[in-house]
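In my numbering, the protein residues as written are 16 to 597.
Glycine included, each C-beta is placed from N, C-alpha and C at the ideal position.
Reading through the structure tokens given below for one structure.
Here it is, written out as structure tokens:
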């Protein structure tokens, strides 16, 4: 208590003598009063303790955190540029400290175009940038004028137009838009050329601007020129541009931009409708197709064939070879499942008797080997079992509601040096493949060029057009991809069953320790369709992943299907049990 009193009463201008002019007696009297009334300090003590604890927490988080700056100083409204960073950018570039430059560089990592630059260039940009905010309809760049600045979009949307005032962007239903993370104007600073388009704000937009004076004063042009030289060398090595001159190739470099994507990052939800042509300069990526399995005839047939095995019919009845007569009867059943052939036979006998002069009367007895009146029940086949579950009517017939699922199927792997966006360039509109295809990165770097800019460069170039015609590639149909998916799924299920049969199970201890289950979102059962439990009415205890579709409701996504099947011991009778060969 004395320490608390000393900490609150001491001041630089006065000490204990100033508080107690009568000396130690007054001091002792004050301490006695303090002991008699301790309640006045019960509120102050927790406050001091909280401040000490909070200071310890801040020191501990500063030591343990990987961030090189205090995040509390950079709090801002959602999406807006932090006020503390704005204060740093209001300083002259030479006045900014290294810590401040690092802090701004960390904040700008949310911009995709900023991440595409190398680290030395990122630090230089963070040193010379200034902050600007403009309202709706503000023209940022005007066509035909000389470029004086280089812009990064931190918040908002801008439109690129061909007119002078940008008014067409508000009339065009599908304007060319640039969103947060985009940049423009860097090549105009390098070659000092006139602006080719107008850029106008579609809403209130925040920019990070690099002026021409700072661009050359801090030698940012050398770093940008290195990136441009890399693009030029990549295009020069391609056979597609072997006939182009250096001047024309530099025009292509001026409208191209490098973008980097990490492993598993989504590049485009539908690159067929994308307005860019993509050149893979490093790494690789995959082309995926969201397949609606319920729209495939092969899937319908596969599902109903496996649902018939729910009652566990012995395998030997299916593996037995049928006689020619039985195969013929089976063929008739499949061709005409509800036809009555007895009337045709009776009519044939009646005509034969009339030719012989005899009359037809009485009943005709048919032997057991003859065709029955209703062919279905007479053939030795699997007895049908009613599946009690919710059904959905599709274009191909009824299907259980749980079986209406989709799957992502890999269509093609795009390697280094390949091009995307040109495979349907010169095809007639009626032959275009309008199916959406997804582009997923496997860790790659690509060069993007807008299609309209590329068309302007290849206009009236017959040699280039002939080369592009050879690049047309056709992707497989949905039916072929569905059959491939079902084949891979059947093989994966068989392989798993085979391993369980051949590999002897490890003996677990009699009293295994109880381990608490980790609570997580992902569950292996959530990406597997289980047709064996399709009759059960209990709801699953795990989440279900769904993918949006264009003009259609969301579709459940699965990676595999677990269907009713025969025991693998019946397929391999030489194995009596797991790991034991007879």
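Practice task
Just grab the DSSP bridge partners of residue 264 for me.
Solution key: The partner list for residue 264 (beta bridge, DSSP) is empty, contrary to what the question assumes.
Practice task
Give the straight-line distance between the Cα atoms of residue 442 and residue 478, rounded to the nearest whole angstrom.
Solution key: 17 Å
Practice task
Could you tell me whether the segment 442 to 459 touches the segment 249 to 262, where touching means 3 or more Cβ pairs closer than 8 Å?
Solution key: Touching, no.
Problem - Nearest-angstrom Cα separation, counted from residue 419 out to residue 156 - result: 51 Å
Practice task
Would you kindly report the start and end of the unbroken alpha helix (DSSP H) that includes residue 312?
Solution key: 312 to 322
Problem - Alpha-carbon to alpha-carbon, residue 294 and residue 488 - result: 16 Å
Exercise for the section: For the beta strand (DSSP E) holding residue 406, just list the boundary residues, first then last. Expected result: 406 to 409
Practice task
Return the CA-CA distance between residue 500 and residue 541, expressed in angstroms with no decimal places.
Solution key: 18 Å
Practice task
Flag this pair as touching only if the segment 211 to 228 and the segment 159 to 166 have three or more C-beta atom pairs under 8 Å; answer yes or no.
Solution key: yes
Handout entry: Helix, strand or coil at residue 241 according to DSSP, with G and I counted as helix
Key = helix
Problem - Test item: CB-CB of residue 578 and residue 421 under 8 Å - result: For the pair residue 578 and residue 421, the CB atoms are not nearer than the 8 Å cut-off.
Problem - Separation of residue 292 from residue 426, as counted between CA atoms - result: 19 Å
Practice task
Report the rounded CA-to-CA distance for residue 136 versus residue 124, giving the unit in angstroms.
Solution key: 13 Å
Handout entry: Under 8 Å between C-beta atoms of residue 508 and residue 543
Key = no
Exercise for the section: Counting only runs of 4+ residues fully inside the segment 463 to 497, write out the alpha helix (DSSP H) ranges in chain order. Expected result: Correct list: 466 to 473 and 477 to 484.
Exercise for the section: Kindly indicate which three-state DSSP category residue 547 falls into: helix, strand or coil? Expected result: It is helical.
Handout entry: contact_flag[the segment 455 to 462, the segment 273 to 287] where n(CB pairs < 8 Å) is 3 or more
Key = As far as the Cβ criterion goes, the segment 455 to 462 touches the segment 273 to 287, which means the pair count is three or higher.
Problem - Every unbroken beta strand (DSSP E) within the segment 246 to 306, with a cutoff of 3 residues, ordered by chain - result: Counting only runs of at least 3 residues, the segment 246 to 306 fully encloses the following beta strand (DSSP E) elements, listed from N- to C-terminal order: 271 to 283.
Problem - Collapsed DSSP secondary structure at residue 129 in the structure displayed - result: helix
Handout entry: Buried or exposed by the 16-neighbour rule on C-beta atoms within 10 Å, applied to residue 496
Key = buried
Practice task
For the segment 168 to 176 and the segment 102 to 119, state whether three or more C-beta atom pairs, one from each stretch, are separated by less than 8 Å.
Solution key: no
Practice task
Per DSSP, which residues does residue 413 bridge with? Please list them.
Solution key: Paired residue(s): 408.
Problem - Beta-bridge pairing of residue 564 - partner residues as DSSP gives them - result: 567
Handout entry: Neighbourhood of residue 269 by C-beta distance below 6 Å, restricted to the same chain and skipping five residues each side
Key = 202
Problem - Run of the beta strand (DSSP E) containing residue 231, from where it starts to where it stops - result: Run containing residue 231: none in the beta strand (DSSP E); it sits in the alpha helix (DSSP H), 227 to 232.
Handout entry: Residue-level contact to chain D via CB, residue 579, 8 Å cutoff
Key = In summary, chain D is missing from the structure at hand, where a single protein chain is found.
Practice task
Identify the continuous beta strand (DSSP E) that holds residue 216 and give its terminal residues.
Solution key: Run containing residue 216: 213 to 216, per the beta strand (DSSP E) assignment.
Practice task
Enumerate in chain order the residues of its own chain whose CB-to-CB distance from residue 272 is below 6 Å, with the five nearest sequence positions on each side excluded.
Solution key: 463
Practice task
Excluding the 5 residues preceding and the 5 following residue 120 in the sequence, name in chain order all residues of the same chain whose CB lies nearer than 7 Å to its CB.
Solution key: 137, 138 and 141
Practice task
Please determine, among 469, 446, 492 and 300, the residue with the shortest C-alpha to C-alpha distance to residue 430.
Solution key: 300
Practice task
Please confirm whether any heavy atom of the ligand GDP lies closer than 7 Å to the CB of residue 461.
Solution key: No copy of the ligand GDP occurs in the structure displayed, which carries no ligand at all.
Practice task
Pick helix, strand or coil for residue 461, following the three-state DSSP scheme.
Solution key: strand
Exercise for the section: Round the Cβ separation of residue 168 and residue 200 to the nearest angstrom and send it over; I've been treating them as touching at under 8 Å. Expected result: So it is not a contact: roughly 11 Å between Cβ atoms.
Practice task
Using 10 angstroms around the beta-carbon of residue 213, count the other beta-carbons present and answer buried if the total reaches 16, otherwise exposed.
Solution key: A buried status is given to residue 213, since no fewer than 16 other beta-carbon atoms sit within 10 Å of its beta-carbon.
Practice task
Measure the alpha-carbon distance for residue 192 versus residue 217 and round it to whole angstroms.
Solution key: 9 Å
Problem - Beta carbon of residue 220 nearer than 8 Å to that of residue 186 - result: no
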